[in-house]
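Residue numbers (this note's numbering): 2 to 260. Beta carbons: idealized from backbone N, C-alpha and C, even for Gly. Since we're looking at a predicted model, the values are computed, not measured. Contents: one structure, followed by commentary.
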Amino acid sequence: MSDSEEMLKKAAAQLLAIENFLGGAFLPAKANPLPAPAARQVAQTPRPQAAPTGPAMSRDEKSAALEALSQQIAACRKCSLAADRANPVPGEGNPDAQLVFVGEAPGADEDRTGHPFVGRAGDLLTKMIAAMGLTRQDVYICNMVKCRPPENRTPTPQEIQACWGHLAAQLQIIRPRVIVTLGNPATQNLLQTTVGITRLRGQWQTLGDAIPALAGTPVMPTFHPAYVLRNYSEDTRRKVWSDLQAVMDLLGLPRPVAG
């Protein structure tokens, strides 16, 4: 297969992934483009530049550092969540990823398997990533806390604080160019804000000094896949797709166009 044929095959697969996520009415082909997002009441922040990579560290070194961190997380007893977990869920993906997705906390499926974002919400996140022309192996996926809160409740500030060092270490090892926060807890805690996700989503933010080594890293807040599943409307999916397209543009990822 020639390079041009391979590119066309990949573009076609990406278009199908987009259609799978958004539904046929929203396939971004020339004959049927996505509608422009509605005007927002909150002023748009200037589009940031993707953060430069950090000090030179090989992929193998990053992988080894993340594995060592996973072992530390497995031994962690800083909060009560460790007592009832089946498995810790450190995170997984490309140790050299340009893009990191940060969610809230593991759920029942994640606790059972030790892998982040599995089950229905995980399937939807996989579709979202595929719509960007990527795979889960291209990005890194993790959560604010690494153990499941009882009954999937929102993690407490104390639990988030206890796990903060683990998340900060992960991000410092990977040194992503862009972070996508999924939902309120991840967005509010990483950005150190009380503003809700409905006002922040779709607007570029930058990481402050909460993780000094990564200050200035672009952050795109968007809805958590579990929220999308609960509010599975065309409007909700369109908003999420708009957010992901902004990330693609910043990373220089091409948007496929049907001929």
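Bounds of the alpha helix (DSSP H) holding Val-241 are 235-252.
Per the C-alpha coordinates, the member of Gln-173, Thr-114, Ala-247, Tyr-233 positioned closest to Gly-217 is Gln-173.
If you look at Thr-182, you'll find it in the beta strand (DSSP E) that goes 179-183.
A distance below 7 Å separates the beta carbons of Ile-175 and Tyr-141. Three or more beta-carbon pairs drawn from the segment 178-186 and the segment 235-253 are found closer than 8 Å, and the two stretches are therefore classed as touching. The straight-line gap separating the alpha-carbon atoms of Ala-87 and Pro-150 is approximately 11 Å.
Here the segment 145-159 does not lie against the segment 201-210, with fewer than 3 beta-carbon pairs under 8 Å apart.
Assigned with DSSP and collapsed to three states, Cys-80 falls in coil, not helix or strand. Scanning Ala-122, Ala-187, Glu-152, Leu-135 for the CA closest to the CA of Asn-232 turns up Ala-122. DSSP lists Tyr-141 as the bridge partner or partners of Gly-94.
Bounds of any beta strand (DSSP E) do not take in Pro-226; it lies within the alpha helix (DSSP H) bounded by 226-231. Counted as a single uninterrupted DSSP element, the beta strand (DSSP E) harbouring Thr-223 occupies residues 219-223.
When DSSP reads this structure, Gly-104 sits in a beta bridge with Asn-144. DSSP places Thr-199 inside the alpha helix (DSSP H), whose first and last residues are 198-201.
The count of Cβ pairs closer than 8 Å, one atom from the segment 109-125 and one from the segment 188-202, stays below three, leaving the stretches out of contact. Residues Arg-137 of the same chain have their beta carbon placed closer than 7 Å to that of Thr-127, with the five preceding and five following residues left out of the count.
Straight across, the Cα-Cα distance linking Leu-17 with Phe-102 is about 22 Å. Apart from the 5 residues on each side of it in sequence, Ala-214 sits with its Cβ closer than 6 Å to the Cβ of Gln-173 in its chain, given in chain order. In the three-state reduction of the DSSP assignment, Thr-155 falls in the coil class. Of the residues assessed, Asn-144 falls on the buried side of the cut-off, its CB having 16 or more other CB atoms within 10 angstroms. Between Lys-79 and Ala-131, the gap from beta carbon to beta carbon reaches 7 Å or more.
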